[in-house]
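Each remark here refers to the structure printed beneath this line.
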Amino acid sequence: MTQVRSTTPGLFPVPDWAKDELANLKGRQKGGLVSGDESAEISDAYDRAREEVVGLQTDAGLDLVVEGQLRWDDMLTHPLAVADAVETRGIVRYFDNNNFYREPVVTGDLSATGDVATDLEATAELTDESLNAVLPGPYTLSQLATDEHYGDEAAFLSALADFLAAEAERFPEVETLFLLEPSLLESAPDDGADERASEAIDTVAGAAEADVVAHTYWESHRGDGGIDEKVYAHLMDADVDAVGFDFVANHEDNAYVISEYGAKDDIALGIVDGQNTLVEEPSEIAERVEWTLDNAHGVDFETAYATINTPTFYLPSGRFEQKLAALGAVERAEVTA
């Protein structure tokens, strides 16, 4: 029988009170964005906000708690944006939505900062629950960042993989690591690049002392919606414990790929909508879990991570909290798959 465990891909909305307090402390211009050397007052505000979102997850009954990534001004690029040998320049649209991030430009040899590890250590002090760490996947980071040092796409991707692996090596004890890879769908790698993307993910996974989930989300711009079959085949070669699928954006194509090409022993099921304010009922979430497991024909999973399909920074704080509560209740609803 498949064990269902609830968690999220992180990147939570900053609580409303913290937004106001941080706006007064930091300002709203580029000079006020997180760089890794914030003042004691700013750090204290983030610490209190982290304690709040950790408490929300614990109260909701989630099995795996994330740090929340409230300090990540630049969504997925934050670990790179605070690194040495990286300049942040103009504002760039984040995929095709109305969010923006500062373009991280790599100008020298990358080295780990331990920034994410420090936040995870602070989280571990706030809860007895198991932790789920979150990092951008190396392929997605290579698509969002700009290289002015390594010279070609393959070398840049390899350097980013080594950088993220070094970050993961500094982590405290975590049970899982979600590598967020929306670009595997949004800007799928071509022949050759798809294999390199898999190898880069493998590099990060090999450095993490945790179960690693390569989490894909959003729809492909190729037109058919699901993950490219060749990209998926190479992803299956990576030494990850699970692949994550966005069953909100596209459930039929994802179920087909799993049934046709198999899957890892574990799977992450993105079955709560991280961009829509409509709050799902726990019974509805349980039905979605059941549907995805029943329609993965010929595959018996050991663990299914029931999760929100995308990061949740899009959501108003109140709706976000309601979705957490509904997701945490999924195991108390009946899942018969």
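In terms of full-length UniProt numbering, the numbers along the sequence shown are unbroken and rise by one, the last being 337.
All C-beta atoms, glycine included, are put in the ideal place defined by N, C-alpha and C.
Range of the contiguous beta strand (DSSP E) that encloses residue 213: Walking along the sequence shown from the start, residue 213 turns up at place 213. Per DSSP, residue 213 belongs to the beta strand (DSSP E) from 211–215.
Would you report the Cα separation of residue 280 and residue 109, rounded to the nearest angstrom? Against the sequence shown, residue 280 aligns to sequence position 280. Against the sequence shown, residue 109 aligns to sequence position 109. One C-alpha to the other measures close to 45 Å.
Taking just the CA atoms, how far does residue 191 sit from residue 49? Here the question's residue 49 lines up with position 49 in the sequence shown. Here the question's residue 191 lines up with position 191 in the sequence shown. So the two alpha carbons sit approximately 44 Å from each other.
Three-state secondary structure assigned by DSSP to residue 246: Against the sequence shown, residue 246 aligns to sequence position 246. Three-state DSSP puts residue 246 in a strand.
Going by DSSP, name the residue or residues bridged to residue 163. As a first step, residue 163 must be located in the sequence shown, where it is residue number 163. Partner(s): none; residue 163 has no beta bridge.
Boundaries (first-last residue) of the alpha helix (DSSP H) holding residue 120: On the sequence shown, residue 120 is found 120 positions in, with the first residue counted as 1. It spans 115–124 - the alpha helix (DSSP H) in which residue 120 sits, taken as one unbroken run.
Provide the residue span of the alpha helix (DSSP H) that contains residue 62, from first to last. For this step, residue 62 is matched to residue 62 along the sequence shown. Premise fails: residue 62 is in no alpha helix (DSSP H) and is neither H nor E.
Quick one: what's residue 104 bridged to in DSSP? The residue labelled residue 104 in the question sits at position 104 within the sequence shown. Bridge partners of residue 104: 88.
Residue 64 to residue 8 span [Cα, whole Å]: To locate residue 64, count along the sequence shown from 1; it is residue 64. To locate residue 8, count along the sequence shown from 1; it is residue 8. Straight-line Cα distance between these residues: approximately 8 Å.
Just checking, does the stretch 140–150 make contact with the stretch 269–278 on the three C-beta pairs under 8 Å criterion? no
Tell me whether the beta-carbon of residue 161 lies closer than 8 Å to the beta-carbon of residue 208. To locate residue 161, count along the sequence shown from 1; it is residue 161. To locate residue 208, count along the sequence shown from 1; it is residue 208. Not in contact: residue 161 and residue 208 (Cβ atoms no closer than 8 Å).
Quick one: complete beta strand (DSSP E) runs, 3+ long, within the stretch 280–313? 303–308
Do the stretch 295–312 and the stretch 38–53 touch if we need at least three Cβ pairs shorter than 8 Å? no
Let me make sure I understand the geometry here. Which of 52, 46, 242, 197 has the alpha-carbon closest to that of residue 324? Within the sequence shown, numbered from 1, the residue matching residue 324 stands at position 324. Nearest option by C-alpha distance: 52.
Pull up the CB-CB distance for residue 194 and residue 234, whole angstroms please, since I reckon it's below 8 Å. Position 194 of the sequence shown, counted from the start, is the residue given in the question as residue 194. Position 234 of the sequence shown, counted from the start, is the residue given in the question as residue 234. Indeed they touch by this definition, with Cβ atoms about 5 Å apart.
Is the stretch 148–157 in contact with the stretch 89–101, if contact means three or more CB pairs nearer than 8 Å? no
Since residue 243 and residue 263 are thought to touch, with beta carbons under 8 Å apart, how far apart are those beta carbons, to the nearest angstrom? Working through the sequence shown from its first residue, we reach residue 243 at position 243. Working through the sequence shown from its first residue, we reach residue 263 at position 263. Rounded, the Cβ-Cβ distance is 7 Å, consistent with contact.
Identify whether residue 156 lies in helix, strand or coil by the three-state DSSP scheme. Counting from 1 along the sequence shown, the entry for residue 156 is found at position 156. Residue 156 falls in the helix class under three-state DSSP.
From what residue to what residue does the beta strand (DSSP E) around residue 5 run? In the sequence shown, the residue the question calls residue 5 occupies position 5. Where residue 5 is concerned, the enclosing beta strand (DSSP E) stretches over 3–6.
Reduced DSSP category for residue 184 - H, G, I as helix; E, B as strand; rest coil: Translated into the one-based positions of the sequence shown, residue 184 becomes position 184. Residue state, collapsed to three classes: helix.
Expressed to the nearest angstrom, what Euclidean distance is found between the alpha-carbon atoms of residue 127 and residue 58? Along the sequence shown, read from residue 1 onward, the residue named residue 127 stands at position 127. Along the sequence shown, read from residue 1 onward, the residue named residue 58 stands at position 58. Spanning the two alpha carbons is a distance of roughly 8 Å.
Cα-Cα separation, residue 291 to residue 180: Stepping through the sequence shown from its first residue, residue 291 is reached at position 291. Stepping through the sequence shown from its first residue, residue 180 is reached at position 180. Rounded to whole angstroms, residue 291 to residue 180 spans 24 Å at the Cα level.
May I ask you to report which of helix, strand or coil DSSP gives residue 178? On the sequence shown, residue 178 is found 178 positions in, with the first residue counted as 1. Of the three classes helix, strand and coil, the one that applies to residue 178 here is strand, per DSSP.
With DSSP collapsed to three states, give me the class of residue 133. As a first step, residue 133 is located in the sequence shown; it is residue number 133 there, counting from the start. The answer is strand: DSSP assigns residue 133 an E or B state.
Please classify residue 3 as buried or exposed, where buried requires at least 16 other C-beta atoms within 10 Å of its C-beta. Within the sequence shown, numbered from 1, the residue matching residue 3 stands at position 3. The residue is exposed, with fewer than 16 neighbouring Cβ atoms inside 10 Å.
Less than 8 Å separating the beta-carbons of residue 247 and residue 288? Reading the sequence shown from its first residue, position 247 is the one you call residue 247. Reading the sequence shown from its first residue, position 288 is the one you call residue 288. Against a cut-off of 8 Å, the Cβ pair of residue 288 and residue 247 comes out as a contact.
From which residue to which residue does the alpha helix (DSSP H) around residue 269 run? Indexing the sequence shown from 1 puts residue 269 at position 269. Element bounds for residue 269: not the alpha helix (DSSP H) but the beta strand (DSSP E), 266–272.
Test item: CB-CB of residue 61 and residue 328 under 8 Å: Along the sequence shown, one-based indexing puts residue 61 at 61. Along the sequence shown, one-based indexing puts residue 328 at 328. It is a contact, given that the beta carbons lie within the stated cut-off.
Evaluate the contact criterion for the stretch 128–137 versus the stretch 64–73: three or more CB pairs, one atom per stretch, below 8 Å. yes
When burial is assigned at 16 or more other CB atoms within 10 Å of the CB, is residue 201 buried or exposed? Here residue 201 refers to the residue found at position 201 of the sequence shown. Label assigned to residue 201: buried.
Tell whether a beta-carbon distance below 8 Å holds between residue 184 and residue 212. The residue labelled residue 184 in the question sits at position 184 within the sequence shown. The residue labelled residue 212 in the question sits at position 212 within the sequence shown. It is not a contact, given that the beta carbons lie outside the stated cut-off.
What's the C-alpha gap between residue 230 and residue 261? For the purposes of this step, residue 230 is taken as the residue at position 230 of the sequence shown. For the purposes of this step, residue 261 is taken as the residue at position 261 of the sequence shown. Going from the Cα of residue 230 to the Cα of residue 261 covers about 10 Å.
Answer yes or no: do residue 210 and residue 257 have a C-beta to C-beta separation smaller than 8 Å? Stepping through the sequence shown from its first residue, residue 210 is reached at position 210. Stepping through the sequence shown from its first residue, residue 257 is reached at position 257. No, they are not a contact pair.
Could you check whether residue 81 and residue 104 sit closer than 8 Å to each other, using their CB atoms as the reference points? Taking the sequence shown and counting its residues from 1, one reaches residue 104 at position 104. Taking the sequence shown and counting its residues from 1, one reaches residue 81 at position 81. The answer is yes: Cβ separation under 8 Å.
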